[in-house]
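Chains as they are written, first to last, in our numbering: chain R, 63 to 271; chain F, 63 to 271. Backbone N, C-alpha and C fix where the C-beta goes; we use that ideal spot for every residue, glycine too. Just so we're clear, the structure is a prediction, and the values are computed from it rather than from any experiment. Encoded as structure tokens, the structure appears first; notes follow it.
Protein chains: 2
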Amino acid sequence: MNKTKKKILSVSLRLFNARGISNVSLRDIASEAGISVGNLQYHFKKREDIIESHYYELVEKIDRVSVVNTSELLKSFINISEEIMTVFYAYRFFLLDFITITRNNKKIKYHYSELSKQREMAFLKLVHYLKESDLLREEILELEYHSLYKRIEVISNFWFSSLLIQTRKLSKNLIEEYALLISKSLYPYLTNEGRNQYATYFPSHLIHI
Amino acid sequence: MNKTKKKILSVSLRLFNARGISNVSLRDIASEAGISVGNLQYHFKKREDIIESHYYELVEKIDRVSVVNTSELLKSFINISEEIMTVFYAYRFFLLDFITITRNNKKIKYHYSELSKQREMAFLKLVHYLKESDLLREEILELEYHSLYKRIEVISNFWFSSLLIQTRKLSKNLIEEYALLISKSLYPYLTNEGRNQYATYFPSHLIHI
DNA sequence: CATAAAATAGTACATTTGTACTAGAAAGTA
DNA sequence: TACTTTCTAGTACAAATGTACTATTTTATG
């Protein structure tokens, strides 16, 4: 990719993440990148093109994460959650301006919507394996794991937003906190064997008396 | 309150909810309310004043909800969650534009932040009673219920946003779905007695074989 | 080297937006 | 009635913003 184009993308990403898309003008990006607005326009005809470019880059990086290690299912699930969140962190403006972006860009909205469906299927497949391995208990409530996924989905999409409204600055080490939250939400569904495995992976999570 | 002022508030609330605050100008509100922009300005010196007015109205209504019925703790918790969400639904623009609003208005940001702390304390108090009544199990993981609260918090703050990005239109009957999600998230922490009670309240949630 | 293509800068424009200001009408009050 | 206060409309303005357009420079190509 063109050197200038790269510069535009890296600068705009930084500004979007820091201030939110609505507080970043094309003039801001151009001046920060040390180029003219005309030049910026040459590389991205529409402002929206910059956002879309970031979005597809984000999606691509997420795609590369989703590899499941079948030997340590439980742990790899937590790891994948964390890795995905790390990618999202780099493009956090997207999650922080989620509603604005999807309101103004139906293409992104539908694309992400499809992506979510795929992620749910992958999750339910994992649940299936975990149950087969006797690490996860059977469902007691109707659609119990579907429901669990829905909760995880909301949290993964809006965890950063939630932090931001709590007067907290975002930083990369908060991703750990997120992973902790996700792993804890899984815990009560584990079988005894599952809990034992969990205890070996995350001994520090357990209460010691 | 003044008739015109009421009109302005009801119209702006409707427009904010439908389009998001950034897509509603003062001219939109004035014309929809059938008044002049000058008149609008007379009642609300700053645009932000309209938003703040809505916010404090929202907070007041939420405050009126929080009454716990001690005889049926478990059920009243679900009910309260649902009632709060019903209030939020009426002011859903606030949750949908959460980041934008808190970014531009530190007063609201800190106020809501304090409110959240209070809500967490109320939740943990409820957990305490539920444990005393032998409906909720003891903690196995460190800060397990704190963690549960954090998850519920994210979901309650961003449930509407999550629906909106999934190409779904918001409607009042979706609140039921939210309450279902919350109640299901509580279930795995219940004791046998808690589960029995749950089963009497929500028999339809259980799997029938 | 000559020509074409790509890249860059600068200017201009149309539109939108919040808000300030003024003047007059309506309502309340003595 | 005479006045004062409250309410309403209309106009104007300054700032910001996305983007279209033109001219110029740089780079690539034959």
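Taking the straight line between their C-alpha atoms, what separation do you get for residue i and residue j?
i             : j             : result
residue 189/R : residue 135/R : 10 Å
residue 113/R : residue 65/R  : 18 Å
residue 110/R : residue 230/R : 29 Å
residue 260/F : residue 252/F : 9 Å
residue 63/F  : residue 108/F : 18 Å
residue 99/R  : residue 88/F  : 30 Å
residue 246/R : residue 209/R : 16 Å
residue 106/R : residue 167/F : 32 Å
residue 153/R : residue 119/R : 9 Å
residue 92/F  : residue 158/F : 23 Å
residue 80/R  : residue 202/R : 44 Å
residue 95/R  : residue 104/R : 14 Å
residue 124/R : residue 176/F : 35 Å
residue 244/R : residue 187/R : 17 Å
residue 233/F : residue 82/F  : 16 Å
residue 72/R  : residue 265/F : 54 Å
residue 179/F : residue 173/F : 10 Å
residue 133/F : residue 162/F : 41 Å
residue 164/F : residue 165/R : 19 Å
residue 200/R : residue 207/F : 23 Å
residue 218/R : residue 218/F : 14 Å
Would you mind reading off the limits of the alpha helix (DSSP H) that contains residue i?
i             : result
residue 196/F : Note, residue 196/F: premise wrong, no alpha helix (DSSP H); not H, not E.
residue 234/R : From DSSP, residue 234/R is part of no alpha helix (DSSP H); its letter is neither H nor E.
residue 111/F : 109-127
residue 158/F : 154-158
residue 103/R : 99-105
residue 256/R : 254-263
residue 66/R  : 65-81
residue 219/R : 206-227
residue 91/R  : 88-95
Check whether the Cβ atoms of residue i and residue j lie closer than 7 Å to each other.
i             : j             : result
residue 155/R : residue 220/F : no
residue 70/R  : residue 117/R : no
residue 160/F : residue 227/R : yes
residue 241/R : residue 140/R : yes
residue 121/F : residue 224/R : no
residue 255/R : residue 269/F : no
residue 211/R : residue 185/R : yes
residue 137/R : residue 249/R : no
Under 8 Å Cβ to Cβ from residue i, same chain only, skipping five residues before and after it: list those, please.
i             : result
residue 127/F : 142, 145, 146, 149
residue 86/R  : 74, 77, 78
residue 213/F : 247
residue 102/R : 70, 88, 91, 92, 95
residue 115/R : 71, 106
residue 84/R  : 159, 162
residue 257/R : 249
Going by beta carbon distance, what residues of the same chain come within less than 7 Å of residue i, once the five residues before and after it are set aside?
i             : result
residue 67/F  : 105
residue 191/R : 135
Please return the same chain residues whose Cβ sits closer than 6 Å to the Cβ of residue i, not counting the five positions on each side in sequence.
i             : result
residue 182/F : 211
residue 267/F : none
Validate contact between the stretch 231-239 of chain R and the stretch 184-198 of chain F using beta carbons, cut 8 Å, 3 pairs: no
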